[in-house]
Ligand code: MCN
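Here you go:
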């Protein structure tokens, strides 16, 4: 069990909890942000990448002769050279899947349309792209497979010969007595569900500039990877390059949402080109490359059995999940364990069995993507709750209220060892029902149906788990050298008394400069404008742990943990110096309005005078004291590794959100729109309510986009049909309805200051929209089984059942 952190008493004048405007916004909204593509180095070359036109093919020959002769071309890299100069990237799968050979360019074979085959560095991007057209590649097409279930078939082509199977991980999680629950149930509700492929499509695509300094031997990598220090083993081992001579710099990042975690193959490729050419090399991904070859979210098919009682009590779930992770395991099979952060969702059932199959196919590799692996699982549970309600003829809110984990059961231990850290799910549902006027809407729906107007109401309550425990990858294999989580912070009060903070968190737009200055300002009794937080990340300047980065809704919690450790050390030292100077005891010193105060005598002195003594007036220091006022700290939660039944607390915080979606659906055309949308969220104590509100809106827009517009569709040849923003529809402001929000603030029982993460959001709109569309379709007797809803699909479903005209019952 994790340790319970003592909550700070709410004080009137804390900056924490204030909706102050974000410090970074004037820079970001006035065009002064510095992104990786803004960096220009003297003598820089531009790299372009030739990509596979086939889903699965042997590379019979590759001829670069003509391309090399194009004026302006400086160097070309091919798979054959990469295989000689580098090692395959680290794999976290158990054997034999860990035999999978993944390089930064295809070696011998291509495995998905868009896989990099060769790279050209030239004096300009245009020349590099022209040269790609002169590279001659002869392919021999192989049979391909695009579906996870089919890829497990005996006759399916093997995608990676060195693995010998398309199955990269199979695990069985078995808790309670699911077969007994099935025996004792009044009814067993069965469904086959499909969670579709989409991604988060940040405004800024991936980018890398690599520069090998021939004098120092340092390799400087400007990039927008969202956890660059975590990439170090992949790059250092892959490139056979010492990690202590690598420097990672990120500036502002135009969104990541998980998709920028697995950019390491492109980072390695750019580094290799810089080493080869001995010049700085820049690669900037274009949108099409991003859509076909960066990473997608996990696609998953579920076969579910839910034993239930007639009153709506859910006794358990028995699930087989088939996860399509695309052509390579770049962060996978982590997704095959991460869903278990939220095994029962927000429900009390104890009987649970999951057979999880993770499978490679000839599609773009997947990677973390806002709500990573949990949103698929939570969508399945939320869809099942509504299907159960429908089969039992109960109201879906009644089934939820009957099964929710209660607030008086917190901290609640889930069957798989998660320790939920507080919350009131029932309250969140009651509130959201009130906001949308649930009773009024049901009446409107009844009346509407009589006139052929279809209204649908859908709810979804998801757990938004944050601050992951890397110990979860030990489920895959004990050999994985990762567990727990850690973050670093450095706080300095310089000789003039000015406060500077360095974070390891690598922000991508979340507002870390703002929240960190609020936390630190409270500790020193100053205003946040007196605290400067370094923008971006530079491994030669910022502190870091190898788990640093913005992912898993962890920075507010982990950053605060590290900041509190650092400020504690610094306050201790300042108090000792101040006590010496004010001739009092250290315990009597308080920090107020930029001064240090002896609370017994009310004598005070400005903080800058203490700092002055610490740095340059150091004959005033207590005898033997080390000069300087800098504190570097690391913080880690109390995590463990899995037990023999794979039980472990996989994250530190478990926020939750209940969403309500109301749709109006035209029965003739199947066109539908969201007419009301409400969210109640609880991320514990909020540091900055305005940022939290922004995150809630952002995650809602993402989820609504995925539910209604965004879909990676492949044709039978494995060609991505939605490879531009004309086909891959990202919602615009007019597509997202006005979202009504209402926060609950239940302090986390375990995290520093009672804060919980909020950034990922849990993918709740997918459940709410699916359930709303399903509810609208009740007169047709149609059940929604896919996470993606669009008019064409719905129209097809209606027409399949009613070929000529629509007939509401
Ligand atoms: N916050 C707060 N009070 C809390 C919790 C958070 O005030 N109780 C605020 C903090 O100020 C913090 C922000 O909310 O700046 C997000 O905090 P947190 O939940 O800790 O998430 P991270 O900062 O670790 O960011 C990662 C998270 C994830 S996992 C995805 S995906 C996502 C998200 O952030 N990607 C984003 N939001 C994003 N927002 C932007 N603009 N860009 C992305 O790429």
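Residue numbers (my numbering): 35 to 843. Each residue gets a CB set at the ideal place from its N, CA and C atoms; glycine is no exception.
Consider the C-beta atom of residue i and the heavy atoms of the ligand MCN; say whether any pair is separated by less than 7 Å.
i: residue 474; result: no
i: residue 549; result: yes
i: residue 678; result: no
i: residue 591; result: yes
i: residue 773; result: no
i: residue 671; result: no
i: residue 232; result: no
i: residue 291; result: yes
i: residue 719; result: yes
i: residue 790; result: yes
i: residue 794; result: yes
i: residue 502; result: no
i: residue 546; result: yes
i: residue 375; result: no
What residue does the beta strand (DSSP E) around residue i start on, and which one ends it?
i: residue 281; result: 280-284
i: residue 625; result: 623-626
i: residue 341; result: 333-342
i: residue 193; result: It is not in any beta strand (DSSP E) - residue 193 carries neither H nor E in the DSSP assignment.
i: residue 246; result: 241-246
i: residue 152; result: 150-156
i: residue 317; result: 315-318
i: residue 256; result: 253-257
Using only alpha-carbon positions, find the residue among the options that is nearest to residue i.
i: residue 836; options: 447, 553, 702, 406; result: 702
i: residue 311; options: 169, 233, 78; result: 78
i: residue 266; options: 297, 250, 249; result: 297
i: residue 159; options: 734, 82, 421, 429; result: 82
i: residue 222; options: 399, 108, 738, 351; result: 351
i: residue 697; options: 707, 631, 689; result: 707
i: residue 672; options: 766, 786, 589; result: 786
i: residue 699; options: 814, 651, 618; result: 814
i: residue 169; options: 96, 202, 201; result: 96
i: residue 690; options: 459, 493, 571; result: 459
i: residue 109; options: 155, 731, 129; result: 155
i: residue 199; options: 185, 207, 212; result: 185
i: residue 347; options: 294, 434, 162; result: 434
i: residue 774; options: 654, 782, 469, 514; result: 469
i: residue 387; options: 428, 340, 407; result: 340
i: residue 124; options: 638, 579, 623, 513; result: 513
i: residue 730; options: 530, 664, 797; result: 797
Looking at residue i: is its Cβ nearer than 8 Å to the Cβ of residue j?
i: residue 302; j: residue 120; result: yes
i: residue 457; j: residue 444; result: yes
i: residue 404; j: residue 291; result: yes
i: residue 685; j: residue 509; result: no
i: residue 527; j: residue 554; result: no
i: residue 471; j: residue 795; result: no
i: residue 687; j: residue 495; result: no
i: residue 329; j: residue 233; result: yes
i: residue 308; j: residue 334; result: no
i: residue 98; j: residue 152; result: yes
i: residue 393; j: residue 201; result: yes
i: residue 17; j: residue 596; result: Summary: the structure shown does not reach residue 17, with the chain confined to residues 35 through 843, and so no result is reported for it.
i: residue 492; j: residue 745; result: no
i: residue 535; j: residue 568; result: yes
i: residue 203; j: residue 132; result: no
i: residue 616; j: residue 637; result: yes
i: residue 721; j: residue 590; result: yes
Hey, could you find the ends of the alpha helix (DSSP H) residue i is sitting in?
i: residue 848; result: Any answer about residue 848 is impossible in this case: the structure gives the chain only from 35 up to 843.
i: residue 178; result: Neither: residue 178 is in no alpha helix (DSSP H) and is coded neither H nor E.
i: residue 470; result: 459-470
i: residue 82; result: Looking at the DSSP string, residue 82 is not in any alpha helix (DSSP H); the run it does join, the beta strand (DSSP E), is 79-85.
Are there any heavy atoms of the ligand MN lying less than 7 Å away from the beta-carbon of residue i, as far as the coordinates show?
i: residue 236; result: Annotation note on the ligand MN: not contained in the displayed structure, which lists the ligand MCN as its ligands.
Notebook entry, point to check: Is the region 462-481 touching the region 412-428, taking contact as three or more C-beta pairs under 8 Å?
Noted result: no
Next item on the list: Indicate whether the contact test is met: 3 or more Cβ pairs, each with one atom in the region 797-806 and one in the region 814-832, closer than 8 Å.
Entry: yes
Notebook entry, point to check: Between the region 608-615 and the region 636-647, do three or more beta carbon pairs fall short of 8 Å?
Noted result: yes
So, does the region 664-681 touch the region 724-743, judging by three or more C-beta pairs under 8 Å? no
Quiz prompt | Touch test, the region 225-240 against the region 320-328, Cβ-Cβ under 8 Å, three pairs minimum | solution = yes
query = Can we say the region 752-767 touches the region 569-587, given the rule of at least three CB pairs closer than 8 Å?
reply = no
Using 8 Å as the threshold, is the region 139-151 in touch with the region 396-403, meaning 3 or more CB pairs across them?
yes
Inter-stretch contact at 8 Å, needing at least 3 Cβ pairs: the region 538-555 / the region 582-590: yes
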